[in-house]
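Take any residue in the sequence shown, count from 1 to its spot, add 1: that is its number in our numbering. Where is the CB? At the ideal position from N, CA and C, for every residue including glycine.
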Amino acid sequence: MNKAEAWTKASRIPAQMFIFPSLLLGQIIHFSMHKEFNWLVFVLIHTYGLLMHLFIVYANDYADYETDRQNKTFTPFTGGSRVLIEGYLSKKNILYGAVVMAIMCLFIGVLLSFYIGNAFILLLVIAGILLLYAYSFSPMKISYRGFGELLQMIGVGLVLPLIGYLSQGGNINAFPWTIIIIILPSQLAMAISTSLPDEPSDRLSSKRTSVVILGHYKAKLLIILLYTVSFISILIYQRGTLINLSGIIFSLITSVLILLQLFILSNYSIKPGSKMITYFVLLSILTNTVIVLGLSYIIFKHA
2 MNKAEAWTKA SRIPAQMFIF PSLLLGQIIH FSMHKEFNWL VFVLIHTYGL
52 LMHLFIVYAN DYADYETDRQ NKTFTPFTGG SRVLIEGYLS KKNILYGAVV
102 MAIMCLFIGV LLSFYIGNAF ILLLVIAGIL LLYAYSFSPM KISYRGFGEL
152 LQMIGVGLVL PLIGYLSQGG NINAFPWTII IIILPSQLAM AISTSLPDEP
202 SDRLSSKRTS VVILGHYKAK LLIILLYTVS FISILIYQRG TLINLSGIIF
252 SLITSVLILL QLFILSNYSI KPGSKMITYF VLLSILTNTV IVLGLSYIIF
302 KHA
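Now the structure itself:
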């Protein structure tokens with residue numbers, strides 16, 4: 002594997018599914034309120050989203066090196082990119098990459114803050130970087146202290162939508178906080194699910210993820226419950242706008258995804274290293290993506 006291929010593998014582009022929907026949701030919320038959309042800002046925001054994504058995956062590869070070395074149950078979605086473990090890149094390389102991505106995120110944050118005239122955008126960009134630092138690095142290293150998934154929930158479910166909303170010119174005082182409350186359980190569910198396959202190595206390295214603390218069955222049950230809470234909340238919040246074809250399709254797809262997770266939990270032994278746990282995590286990621294993008298579409302459709 003050459004350097005370009007190694008950096009591509011380290012970048013884990015499919016994980017952009019965690020970032021893009023949340024940034025888009027914030028922009029759609031602004032559009033629904035003001036019927037305005039700035040395409041230059043859209044490009045800048047999603048450039049930031051890509052850079053932030055790269056910062057996260059590079060920084061986590063560096064911070065979790067020792068844990069990832071013990072990980073024999075990794076999946077395409079979990080356990081890091083493996084480029085350090087397999088020797089394709091050095092720790093110095095990946096740390097340098099993370100620092101460069103963080104600096105570029107700050108640069109985009111400065112550009113957006115000056116362009117829009119709202120310094121709070123830059124503060125949120127800084128907050129996103131600090132959340133990752135607090136999650137993975139000393140002295141806080143919250144992922145090793147317990148329920149670090151809450152930080153992931155805050156970053157993806159709160160910080161990113163606010164960046165999208167404010168960057169399009171939104172007023173923080175007019176932000177519809179109910180939408181954030183609706184998606185937070187879903188974002189937490191996805192964060193918990195991505196730690197399921199890595200439980201053995203996390204336990205060995207004293208990383209106190211939710212699945213290590215709760216156990217596999219309770220963690221999976223909590224994931225399904227959290228998705229159900231977000232889904233039912235959308236049905237209640239948007240009850241007047243879901244009685245149409247797009248609303249029915251959204252409801253059907255989300256229901257099927259949640260029921261499939263429940264079916265797997267009820268009928269299979271979902272152990273780390275098995276195919277079924279990979280399927281469960283994939284279904285979880287798809288569920289959160291459908292919930293956030295589906296809510297965005299519903300809001301846009303009835304703007």
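Reduced DSSP secondary structure (H/G/I, E/B, other) of residue i
i: Met290; result: Residue 290 is actually Thr in this sequence, not Met. Three-state DSSP puts Thr290 in a helix.
i: Thr76; result: strand
i: Lys142; result: coil
i: Ile271; result: coil
i: Val84; result: coil
i: Gly248; result: helix
i: Asn172; result: coil
i: Tyr89; result: coil
i: Thr210; result: coil
i: Leu243; result: coil
i: Gln262; result: helix
i: Gln17; result: helix
i: Gly158; result: helix
i: Gly295; result: helix
i: Gly165; result: helix
Nearest-angstrom beta carbon gap, residue j and residue i [assumed within contact, 8 Å]
i: Leu59; j: Ile95; result: Just to set this straight, residue 59 is Tyr in the shown sequence, not Leu. 5 Å between Cβ atoms; contact.
i: Ile265; j: Met191; result: Their Cβ separation, rounded to whole angstroms, is 16 Å, which puts Ile265 and Met191 out of contact at 8 Å.
i: Leu163; j: Leu125; result: 6 Å
i: Pro198; j: Gly80; result: 7 Å
i: Gly118; j: Gly27; result: Not really, about 17 Å apart at Cβ, beyond 8 Å.
i: Tyr269; j: Ser207; result: Not quite, the Cβ-Cβ distance comes to about 29 Å (not below 8 Å), so this is no contact.
Element boundaries [alpha helix (DSSP H), containing residue i]
i: Glu150; result: Glu150 to Ile155
i: Val111; result: Lys92 to Ile117
i: Gln188; result: Trp178 to Ser194
i: His54; result: Trp40 to Ala64
i: Asp199; result: Careful: Asp199 lies outside any alpha helix (DSSP H) and carries neither H nor E.
i: Ala5; result: Lys4 to Ser12
i: Gln28; result: Phe21 to His35
i: Gly129; result: Phe121 to Ser137
i: Ala220; result: His217 to Tyr238
Three or more C-beta pairs closer than 8 Å, one from the region 275-292 and one from the region 243-261: is that the case here?
yes
Evaluate the contact criterion for the region 102-114 versus the region 68-77: three or more CB pairs, one atom per stretch, below 8 Å.
no
Any 3 or more C-beta pairs closer than 8 Å across the region 125-138 and the region 150-157:
yes
Contact the region 31-45 vs the region 158-175: 3+ CB pairs below 8 Å:
yes
Using a Cβ distance threshold of 8 Å, determine whether the region 173-183 contacts the region 220-239, with at least three qualifying pairs required.
yes
Are the region 12-30 and the region 50-66 touching by the rule of at least three beta carbon pairs closer than 8 Å?
yes
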